[in-house]
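Residue numbering for the sequence shown follows our numbering, beginning at 13 and increasing consecutively.
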Amino acid sequence: MSTTAAMEMRMESQVASNAVSTETVLCLGSWYADAPFDHLQPLLAVLREALGDRAASTLIAYPVSDPEASSWHEDGLSLQPYQSLASIHTLTVQTSAAYLSLYEVMRAHDASCGMLLGAEAHSLSPIAIRGLLDAVLMEHADVALPRYSIGPHDGLINAAILHPLTRALFGVRNAFPMALDLALSTRAAERMAAAAQQQTATGQPDALLWPTVEAAAAGFSVAEVSSGVREIPHPTTADLATILGALTASLFTEIETKASYWQRTRPPVVMHSINDVPDVNAPAPSVSPEETSELIESFRIGYGNLHELWSLVLPPQTLLGLKHLSRLPAESFTMPDTLWVRIVYDFVLAHRLRTINRGHLLGALTPLYLAWVASHIQANSNVENPPEILARAFEADKPYLVSRWRWPDRFNP
Numbered sequence: 013m014s015t016t017a018a019m020e021m022r023m024e025s026q027v028a029s030n031a032v033s034t035e036t037v038l039c040l041g042s043w044y045a046d047a048p049f050d051h052l053q054p055l056l057a058v059l060r061e062a063l064g065d066r067a068a069s070t071l072i073a074y075p076v077s078d079p080e081a082s083s084w085h086e087d088g089l090s091l092q093p094y095q096s097l098a099s100i101h102t103l104t105v106q107t108s109a110a111y112l113s114l115y116e117v118m119r120a121h122d123a124s125c126g127m128l129l130g131a132e133a134h135s136l137s138p139i140a141i142r143g144l145l146d147a148v149l150m151e152h153a154d155v156a157l158p159r160y161s162i163g164p165h166d167g168l169i170n171a172a173i174l175h176p177l178t179r180a181l182f183g184v185r186n187a188f189p190m191a192l193d194l195a196l197s198t199r200a201a202e203r204m205a206a207a208a209q210q211q212t213a214t215g216q217p218d219a220l221l222w223p224t225v226e227a228a229a230a231g232f233s234v235a236e237v238s239s240g241v242r243e244i245p246h247p248t249t250a251d252l253a254t255i256l257g258a259l260t261a262s263l264f265t266e267i268e269t270k271a272s273y274w275q276r277t278r279p280p281v282v283m284h285s286i287n288d289v290p291d292v293n294a295p296a297p298s299v300s301p302e303e304t305s306e307l308i309e310s311f312r313i314g315y316g317n318l319h320e321l322w323s324l325v326l327p328p329q330t331l332l333g334l335k336h337l338s339r340l341p342a343e344s345f346t347m348p349d350t351l352w353v354r355i356v357y358d359f360v361l362a363h364r365l366r367t368i369n370r371g372h373l374l375g376a377l378t379p380l381y382l383a384w385v386a387s388h389i390q391a392n393s394n395v396e397n398p399p400e401i402l403a404r405a406f407e408a409d410k411p412y413l414v415s416r417w418r419w420p421d422r423f424n425p
């Protein structure tokens, strides 16, 4: 029997006619568009275990291109197709169209909790999925985000920029501000949909959104759920500059849009921790001296080729620090946290002021990021909890960004 025939045999009635009210909507992202049943089956098995007795009040929405596709049931799970504007993003992260689709399905079924699941979601622990739902349904969090267990050399863009920058400016201390999976309350889903609507209305359904930033600005409660090891899907492009540019451009724009919020001194956002899944300390893979030397050499080439451009963005003291860094031998190559923090803050400001073309600006950040990566790899074994130390450095130097943002002419390089 073909897969299509098997699915047709499982089709019963429209989920909307189900006598059990819908409490939760699980929305599968664009990676599952028109997925055959065989592809969905591993994820459905995980969801069945995660939901347990909640399965009867949960709707699983999955994207299809066929407007005539029907709802169906599979071994206690209710599935409903939806049509989305989203395409598969280069970064395999949730986009504006996904948040908009989630809220539309939630509103249609009067659901009180919504969850977005990213690519390879079958690798998530059922306990982690249930923990994200419990955070919203039982602990009354508005936004529930996972804390994945990753190795010290994984997720370095997040460790170097995304986590410490959002933490310092918006006061949300979750480990992954651009998580692949998350759960939302009704009002949080509505807020994310409103932000998404602004993007889709201008023809940008694949624009990135930042749930932690929206939560902070709205005064919503946030929970972080330990989620163990998850398979992280690879970006569809191997071009580091493209990946780094897309993430930083989105975050820098969000910082500009919400400047009136983060410039005021505020207490950190209260964050609830749910630790049902033990964190796993993955061992750091060995990085050969040759690989580290390649990173350092990329920085040195960048220093030679981009020094003039950097001088339009970075003040003399930072340029002097980079000059010193470029002359260090590989075995003692170390970028101080204070230097990296200033670099990131000055790039945020230059992005806002349009000091140079934004595409050129973000491209010029790549060699500097590679220098940070090389330094991180070399120092990681000797530093306890590097992400925490770097995040504190960003927090401590936040007044520098505030001052330069308000009075940029006083700080011209």
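C-beta atoms are modelled at their ideal positions from N, C-alpha and C, and glycine is treated no differently.
- The shortest C-alpha to C-alpha distance from residue 194 to any of 287, 360, 157 is the one to 157.
- Counting only residues of its own chain and dropping the five nearest sequence neighbours on each side, residue 287 has a CB closer than 7 Å to the CB of 238.
- Boundaries for residue 336: no beta strand (DSSP E) harbours it, while the alpha helix (DSSP H) harbouring it runs 328-338, taken from the DSSP string.
- Less than 9 Å separates the beta-carbon of residue 40 from that of residue 129.
- The three-state reading of DSSP puts residue 117 in helix, counting H, G and I together.
- When the alpha-carbon of residue 97 is set against those of 109, 88, 90, the nearest one is in 109.
- In this structure, 93 is the residue among 317, 378, 93 with its C-alpha nearest to the C-alpha of residue 78.
- Going by DSSP, residue 200 is part of the alpha helix (DSSP H) stretching over 198-213.
- Under the 8 Å Cβ criterion, the stretch 183-193 counts as touching the stretch 229-238, having at least three qualifying pairs.
- When the Cα atoms are used, residue 415 and residue 202 turn out to be separated by approximately 34 Å.
- Residue pairing by DSSP puts residue 75 in a beta bridge opposite 94.
- A distance below 9 Å separates the beta carbons of residue 305 and residue 342.
- For residue 408, the closest alpha carbon among the candidates 370, 354, 36, 389 is that of 354.
- Between the C-alpha atoms of residue 271 and residue 308 there is a straight-line separation of about 34 Å.
- Annotation for residue 142: 62 place their beta carbon closer than 7 Å to its own, counting only its chain and skipping 5 residues before and after.
- Contact check for residue 172 against residue 322 fails: the beta carbons are separated by 9 Å or more.
- The shortest C-alpha to C-alpha distance from residue 337 to any of 311, 318, 357 is the one to 311.
- Note that the C-beta distance between residue 91 and residue 112 is not below 9 Å.
- Straight-line spacing of the CA atoms in residue 51 and residue 377 works out to 39 Å.
- Of the candidates 147, 35, 166, 179, the residue whose Cα lies closest to the Cα of residue 225 is 179.
- Taking a C-beta distance under 9 Å as the contact criterion, residue 34 and residue 121 qualify as a contact pair.
- In this structure, residue 105 lies away from residue 161, with their beta-carbon atoms at least 9 Å apart.
- With fewer than 16 other CB atoms across the displayed protein chains lying within 10 angstroms of its CB, residue 210 is exposed.
- Distance from the CA atom of residue 293 to the CA atom of residue 275, rounded to whole angstroms, is 36 Å.
- DSSP places residue 84 inside the beta strand (DSSP E), whose first and last residues are 84-86.
- Excluding residues up to 5 positions away in sequence, 349, 350, 353 lie with their Cβ nearer than 7 Å to the Cβ of residue 405 in the same chain.
- CA-to-CA, the gap between residue 366 and residue 303 works out to about 34 Å.
- About 15 Å separates the beta carbons of residue 155 and residue 206, which is beyond the 8 Å limit, so they are not a contact pair.
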